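Engineer:
Number of protein chains: 4
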Amino acid sequence: MNHRLDVPALQNRLAAFAAARHWQPHHTPKNLAAALSVEASELLEIFQWLTPEESGRVMADPETAHRVTDEVADVLAYLLQFCEGLGIDPLAALAAKIDRNELRFPAPESHKAPNNPSTNTESHSSE
Amino acid sequence: MNHRLDVPALQNRLAAFAAARHWQPHHTPKNLAAALSVEASELLEIFQWLTPEESGRVMADPETAHRVTDEVADVLAYLLQFCEGLGIDPLAALAAKIDRNELRFPAPESHKAPNNPSTNTESHSSE
Amino acid sequence: MNHRLDVPALQNRLAAFAAARHWQPHHTPKNLAAALSVEASELLEIFQWLTPEESGRVMADPETAHRVTDEVADVLAYLLQFCEGLGIDPLAALAAKIDRNELRFPAPESHKAPNNPSTNTESHSSE
Amino acid sequence: MNHRLDVPALQNRLAAFAAARHWQPHHTPKNLAAALSVEASELLEIFQWLTPEESGRVMADPETAHRVTDEVADVLAYLLQFCEGLGIDPLAALAAKIDRNELRFPAPESHKAPNNPSTNTESHSSE
């Protein structure tokens, strides 16, 4: 059903799912942040021994494709539950972050491709 | 602008941002999965020494609230870029996962609250 | 045998184990860092839904105790292989770090117990 | 001093360091597992955008070499404190794990080099 493919609707379904199983006492922001981190690592585990090229082809194998998609769902599930618990709008948070990054990291002129990945690291990972 | 608060629109903005900075060669699925995991850990770092109760109050301090919101944005940014690269619809993936979990983990009857967190762990973290 | 309980001896055993299975091409520092991170998350997974008190009792259950010990072994295995590959002496690295931290974070006088966990966070996680 | 380069001696120094700063109440096994995971991710962050080849050269740059060594120290510090708190001998745990893995994953004959990284993944990451 289409209404499920909407962030607030998914958050409602996740909240109902947790409530029906009496999991709310375990769903502190700290625990959800830990669970989010654990699920993100389970996604990374699929890629840990792959070459860059192999990593681009994971969806060609149906079993691996299912596993990747499943871990994506787990990461998103904990991210949405974390946000719901703390009253954070994740899409608004990301839009605001992109706005800030566009000011902070102006696009280089087209002839200056970066050749230093460590520079990229800084740009990627900090505000 | 409203169109920014939509997953595909945010993915378009992220793709344009990366392209303008010539980051695509670094954005292999493997690297994006690593970056997602790193950002999830940065979110966890905020909570690592907090008690469960303290973790519920992080939004009361404006500076911590900003930091939490910012890390949420980073996690979502890498998750959406990862999904874009592999052709995964994250909202559909989550909706399908909830569907499966509703079949696999029927809600207990209301008088049987779980008292064994390790049981919950299994339910939470595996399909 | 006693000689196995020594860091260089364990590194030799790990290197021989990997070589016999032709894993060296996969054991780049990047991949070993990813694997270390994944194993650390598997250890965290055991604790993610536990209260602080429950987390102190994990060794009372033999099965959980085995699982915890096993994940500790995995974390150490990847840490030692990572260090071997890059020529880092992990025990010397830690001794040097403690030396630096003793200078950088002087112990408070005994009557000034910290009451702000976020201060501890900074002290713990950065040099 | 030589005695510092010994696991029990390092554990003693770490325990004294934490005690002098009144950090023990924060050092639950759960929190230390989270901190270990966070530090492992900080190590991974250094490598996240690097090619496999670049990742093999990180020690050539003194500043990056220092950063890598420092994160190794942080990972080991939390691993040793975690083990100390739960009465786990990390070197014995690793020796026992290698013993088990030698039985479970017999070395292939020399002419059968693995060509399927996902097979290796299983061997690497589970007992």
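Residue numbers (the working numbering), protein chains in the order written: chain A, 1419 to 1545; chain B, 1419 to 1545; chain C, 1419 to 1545; chain D, 1419 to 1545.
Every residue, glycine too, gets a C-beta built ideally from N, C-alpha and C.
Everything numeric in this text was worked out from a predicted model, so none of it was measured.
(1) Rounded to whole angstroms, what's the CA-CA distance from Q1442 (chain A) to E1520 (chain B)? Just pull it up for me.
(2) DSSP state of T1482 (chain D), grouped into three classes?
(3) List, in chain order, every chain B residue whose beta-carbon is nearer than 7 Å to that of V1456 (chain D).
(4) So which residues of chain C does R1522 (chain D) contact, with C-beta pairs closer than 9 Å?
(5) For L1512 (chain C) versus L1428 (chain D), is the C-beta distance shorter than 8 Å?
(6) Starting from F1435 (chain B), trace the alpha helix (DSSP H) both ways and give me its first and last residue.
(7) With 8 Å as the threshold, decide whether the Cβ of P1470 (chain A) is near any Cβ in chain D.
(8) Can you grab the Cα-Cα spacing for the pair A1436 (chain A) / R1485 (chain C), in whole Å?
(9) Measure the alpha-carbon distance for E1463 (chain B) versus F1523 (chain B) and round it to whole angstroms.
(10) Excluding sequence positions up to five away, which residues of its chain have a Cβ less than 6 Å from the Cβ of Q1499 (chain B)?
(11) Let me know the secondary structure DSSP gives T1487 (chain C) once reduced to three states.
(12) As a quick exercise: from C:A1458, C:D1517, C:A1510, C:H1445, pick the residue whose alpha carbon is nearest that of T1487 (chain C).
(13) If we ignore side chains and look at the alpha-carbon of each, how far apart do T1482 (chain A) and V1456 (chain C) end up?
(14) Sorted by chain position, which residues of the same chain lie with C-beta nearer than 8 Å to I1506 (chain D)'s C-beta, five sequence neighbours on each side aside?
(15) Against chain A, does A1478 (chain D) count as a neighbour if the rule is that its beta carbon must be under 8 Å from one of theirs?
(16) Is there a C-beta anywhere in chain C that falls below 8 Å from the one on T1482 (chain D)?
(17) Return yes when the Cβ of D1492 (chain B) is within less than 8 Å of the Cβ of E1471 (chain B), no when it is not.
(18) Would A1514 (chain B) count as contacting chain C if we go by Cβ distances under 8 Å?
(19) For A1434 (chain C), is the classification buried or exposed, using 16 other Cβ atoms within 10 angstroms of its Cβ as the cut-off for buried?
(20) Name the residues in the region 1442 to 1456 of chain C whose C-beta lies less than 7 Å from a C-beta of chain B; which are they?
(21) Quick check: L1423 (chain B) and A1495 (chain A), are their CB atoms within less than 8 Å of each other?
(22) Below 8 Å on C-beta distance, what does N1519 (chain A) contact in chain B?
(23) For a contact defined as C-beta to C-beta under 7 Å, what are the partners of P1508 (chain C) on chain D?
(24) Considering only their Cβ atoms, is the gap separating A1438 (chain A) from A1525 (chain B) smaller than 8 Å?
(25) Quick check on DSSP: helix, strand or coil for H1444 (chain C)?
(26) Within the same chain, show all residues whose beta-carbon is closer than 7 Å to that of H1445 (chain D), passing over the 5 residues directly before and after it, in chain order.
(27) Would you decide whether P1405 (chain D) is buried or exposed? Buried here means 16 or more other CB atoms lie within 10 Å of its CB.
(28) Can the beta-carbon of P1380 (chain D) be found less than 8 Å from the beta-carbon of V1490 (chain C)?
(29) What is the DSSP secondary structure of A1525 (chain C), reduced to helix, strand or coil?
(30) Answer with buried or exposed for A1478 (chain C), where buried requires no fewer than 16 other C-beta atoms within 10 angstroms of its C-beta.
(31) Please go through the same chain and pick out, in chain order, the residues whose beta-carbon is closer than 7 Å to the beta-carbon of S1473 (chain D), but skip the five residues on each side of it.
(32) Could you check which residue in A:A1452, A:R1475, A:H1440, A:N1430 has the C-alpha nearest to that of L1468 (chain B)?
Structural biologist: Taking the geometry as given:
(1) The residue given as residue 1442 (chain A) occupies position 24 in the first sequence. The residue given as residue 1520 (chain B) occupies position 102 in the second sequence. About 17 Å.
(2) The residue labelled residue 1482 (chain D) in the question sits at position 64 within the fourth sequence. In the structure shown, T1482 (chain D) sits in a helix (DSSP, three-state: H, G or I).
(3) Within the fourth sequence, the letter at position 38 stands for residue 1456 (chain D). Simply S1459, L1462, E1463, Q1466.
(4) Position 104 of the fourth sequence holds residue 1522 (chain D). Under the 9 Å cutoff, chain C gives no residues; its nearest Cβ is about 11 Å from R1522 (chain D).
(5) Position 94 of the third sequence, counted from the first residue, corresponds to residue 1512 (chain C). Position 10 of the fourth sequence, counted from the first residue, corresponds to residue 1428 (chain D). Contact flag set, yes.
(6) Locating residue 1435 (chain B) in the second sequence gives position 17, where the first residue counts as 1. From DSSP, the alpha helix (DSSP H) with F1435 (chain B) extends over 1425 to 1438.
(7) On the first sequence, position 52 is the one that residue 1470 (chain A) refers to. Yes, contact with chain D.
(8) Locating residue 1436 (chain A) in the first sequence gives position 18, counting from the first residue. Locating residue 1485 (chain C) in the third sequence gives position 67, counting from the first residue. So the two alpha carbons sit approximately 26 Å from each other.
(9) The residue you call residue 1463 (chain B) lines up with position 45 of the second sequence. The residue you call residue 1523 (chain B) lines up with position 105 of the second sequence. One C-alpha to the other measures close to 31 Å.
(10) Residue numbering aside, residue 1499 (chain B) sits at position 81 when the second sequence is read from its first letter. Closer than 6 Å at the Cβ level, and outside the excluded window around Q1499 (chain B), lie L1432, L1450.
(11) Within the third sequence, numbered from 1, the residue matching residue 1487 (chain C) stands at position 69. In the three-state DSSP reduction, T1487 (chain C) falls in the helix class (H, G or I).
(12) Working through the third sequence from its first residue, we reach residue 1487 (chain C) at position 69. Checked all of C:A1458, C:D1517, C:A1510, C:H1445; the closest Cα to T1487 (chain C) is C:A1458.
(13) As a working mapping, residue 1482 (chain A) is identified with position 64 in the first sequence. As a working mapping, residue 1456 (chain C) is identified with position 38 in the third sequence. For T1482 (chain A) and V1456 (chain C), the distance between alpha carbons rounds to 18 Å.
(14) In the fourth sequence, counting from the first residue as 1, residue 1506 (chain D) sits at position 88. Correct list, in chain order: F1500.
(15) In the fourth sequence, residue 1478 (chain D) corresponds to position 60, counting from 1. Between A1478 (chain D) and chain A, the shortest Cβ-Cβ separation is not below 8 Å.
(16) Here residue 1482 (chain D) corresponds to residue number 64 of the fourth sequence, with the count starting at 1. It does not; no Cβ of chain C falls within 8 Å.
(17) In the second sequence, the residue the question calls residue 1471 (chain B) occupies position 53. In the second sequence, the residue the question calls residue 1492 (chain B) occupies position 74. Against a cut-off of 8 Å, the Cβ pair of D1492 (chain B) and E1471 (chain B) comes out as no contact.
(18) Here residue 1514 (chain B) refers to the residue found at position 96 of the second sequence. A1514 (chain B) does not count as touching chain C.
(19) Here residue 1434 (chain C) corresponds to residue number 16 of the third sequence, with the count starting at 1. Taking every protein chain shown into account, the CB of A1434 (chain C) has fewer than 16 other CB atoms within 10 angstroms, so this residue is exposed.
(20) So the list reads A1452, S1455, given in the order they occur along the chain.
(21) Position 5 of the second sequence holds residue 1423 (chain B). Position 77 of the first sequence holds residue 1495 (chain A). No, the pair does not count as a contact, with Cβ atoms beyond the cut-off.
(22) On the first sequence, residue 1519 (chain A) is found 101 positions in, with the first residue counted as 1. Near N1519 (chain A) (Cβ distances below 8 Å), the residues of chain B are F1435.
(23) The count along the third sequence starts at 1 and reaches residue 1508 (chain C) at position 90. The contacting residues are V1490, L1494.
(24) Position 107 of the second sequence, counting from 1, holds the residue named residue 1525 (chain B). Position 20 of the first sequence, counting from 1, holds the residue named residue 1438 (chain A). In this structure, A1438 (chain A) lies closer than 8 Å to A1525 (chain B) by Cβ.
(25) Against the third sequence, residue 1444 (chain C) aligns to sequence position 26. Correct three-state label for H1444 (chain C): helix.
(26) For this step, residue 1445 (chain D) is matched to residue 27 along the fourth sequence. A1436, Q1499, G1503.
(27) In the structure as shown, chain D starts at 1419 and stops at 1545, and residue 1405 (chain D) therefore has no counterpart that could be examined.
(28) Chain D is shown only over 1419 to 1545; residue 1380 (chain D) falls outside these bounds and no answer can be derived.
(29) Start at 1 with the first residue of the third sequence, and residue 1525 (chain C) comes out as number 107. Assignment of A1525 (chain C) by DSSP, reduced to helix, strand and coil, places it in the coil class.
(30) Here the question's residue 1478 (chain C) lines up with position 60 in the third sequence. Under this definition A1478 (chain C) is an exposed residue.
(31) Translated into the one-based positions of the fourth sequence, residue 1473 (chain D) becomes position 55. Taken in chain order, the residues that qualify are F1465.
(32) Residue numbering aside, residue 1468 (chain B) sits at position 50 when the second sequence is read from its first letter. Of the candidates A:A1452, A:R1475, A:H1440, A:N1430, the one whose C-alpha sits nearest the C-alpha of L1468 (chain B) is A:A1452.
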